[in-house]
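Here is the structure we will look at.
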Amino acid sequence: MSDELNELKRQMEQATAPRFEAGGELESETASLRAGWLALEELLVAAEAQIEPPMCSVPFVPTSRRRRRMFRRLVALAALLLVAVTLISYLAGRKQTASELAKTKPVPAPARHEPVIARKTATPEPSPGKKTPAAPNKAELAWNDSFDQEFESVGWAIQRAQMDQFAFASKSDELEYQLEGLRKEIEDSSL
Amino acid sequence: MTLPDHPTNDAELWAQWGRQHWRAVWGYVWGLLRRRDLADDLTQEVFCRAWQARERYREQGLARAYLLRIADRLAVDHHRKAGREVNLGDQEWKQIEPAERAGRGDDAIEKQEAMAQLAATLDRLSPPQRRVLLLRYYGELSFAEIAEMMECPINTVLSYCHRGLHTLRSLLVETDP
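Just so you know, the sequences run in chain order A and B. Just so we're on the same page, this note's numbering is the position in the first sequence counted from 1, plus 57. Just so we're on the same page, this note's numbering is the position in the second sequence counted from 1, plus 683.
In structure tokens, the structure reads:
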């Protein structure tokens, strides 16, 4: 710290020293600055006397700002609870409605559609080697299931039906081709 | 003076601590912000925070300085956010001030005049000058401690103090008859 800074520090410490600590002669500049400090001190002492400290006890009485903050937190918590309760009641109500419907108005499982065979000349029996996918289980479409499970079951059922249809269509094409071959053989033959 | 270990065991000690330092903390916050409502709120906040941080506090005989540090941080934070608030003028504020708080009679007028004179004087100081002088008065902090709190070099703090005292002298001493 430079000498100039040290001198300034000493001067400020002397000028702003508490009243009881000040002693000895001060330089004129320091004394004039101290006069300003003492004038401020008088004002602060006078103002301090007007301050009425509250009865300090633990816990403190919440201030208006803290009350507002607490109120906001409570409102946020209440809103969160409201949303949670609404969601829970909605889900519970949906389940209950589904189970009630299942009890009072049982809906039959959707009938399996028979595959439509285009340009059918004969209805062939499916070959024993080739297995068609099993029909959807009726229990999968029970009303007690949640909607998601029901959607999944219906999706699987549609996919299986489409696979059946494709299998029968390819089989009929093959038969048609064989019949065409036979027809040509008959026409070309001397019989 | 130490912070009590537990509110139920040392409530009286805590209350005494509040009584000893409440005025200084309130005066410091009010001196920086010049609003009674904020001074009330922030002073309570200072004591609450000091209470919450009591485990970290170590007795060094500087309880007031410790409280003023918290008060300074809160007041500076508030000052930064103050742009978003609507500030009322004195007349508007008096209109909504509760009647019992404003007081009646000569005593109340004297109180208001003392506060108004102090406010007018502090208004003539720049915010850093005000901060340095108030910390020096209320906390009796050294200039090095003030510099640390204000996060600036000590020569800057000394300069603020010097200019502030000059202003005070010209305002309060040279204008006196």
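Cβ atoms here follow ideal geometry from the backbone N, Cα and C, with glycine treated the same way. None of these values were measured; they are calculated from a predicted model.
- Counting only the Cα atoms, residue 725 of chain B lies some 16 Å from residue 748 of chain B.
- Where residue 746 of chain B is concerned, the enclosing alpha helix (DSSP H) starts and stops at 746 to 764.
- By the 16-neighbour rule on beta-carbons within 10 angstroms, residue 822 of chain B is buried.
- For a cut-off of 8 Å, the C-beta gap from residue 836 of chain B to residue 827 of chain B is around 10 Å, too long to register as a contact.
- Under the DSSP assignment, residue 844 of chain B falls in the alpha helix (DSSP H) whose first and last residues are 837 to 851.
- Secondary structure at residue 203 of chain A: coil, using DSSP grouped into helix, strand and coil.
- Taking a Cβ-Cβ threshold of 7 Å, the residues of chain A close to residue 823 of chain B are 75, in chain order.
- Sequence-ordered contacts of the region 95 to 110 of chain A with chain B read 96, 97, 98, 100, 101, 103, 104, 105, 107, 108, 110 [C-beta pairs closer than 7 Å].
- In the assembly as shown, residue 706 of chain B is a buried residue. Its beta-carbon has 16 or more other beta-carbons within 10 Å.
- Going by C-alpha positions, residue 710 of chain B is about 8 Å away from residue 722 of chain B.
- Of the residues B:716, B:800, B:802, the one whose Cα lies closest to the Cα of residue 764 of chain B is B:716.
- Where residue 73 of chain A is concerned, there is no enclosing alpha helix (DSSP H), because DSSP gives it neither an H nor an E.
- Annotation for residue 95 of chain A: the continuous alpha helix (DSSP H) segment containing it runs 85 to 107.
- Scanning B:807, B:754, B:713, B:845 for the CA closest to the CA of residue 733 of chain B turns up B:754.
- The C-beta of residue 844 of chain B comes closer than 8 Å to at least one C-beta of chain A.
- Between residue 758 of chain B and residue 107 of chain A, the C-beta gap is not smaller than 8 Å, which leaves the two residues out of contact.
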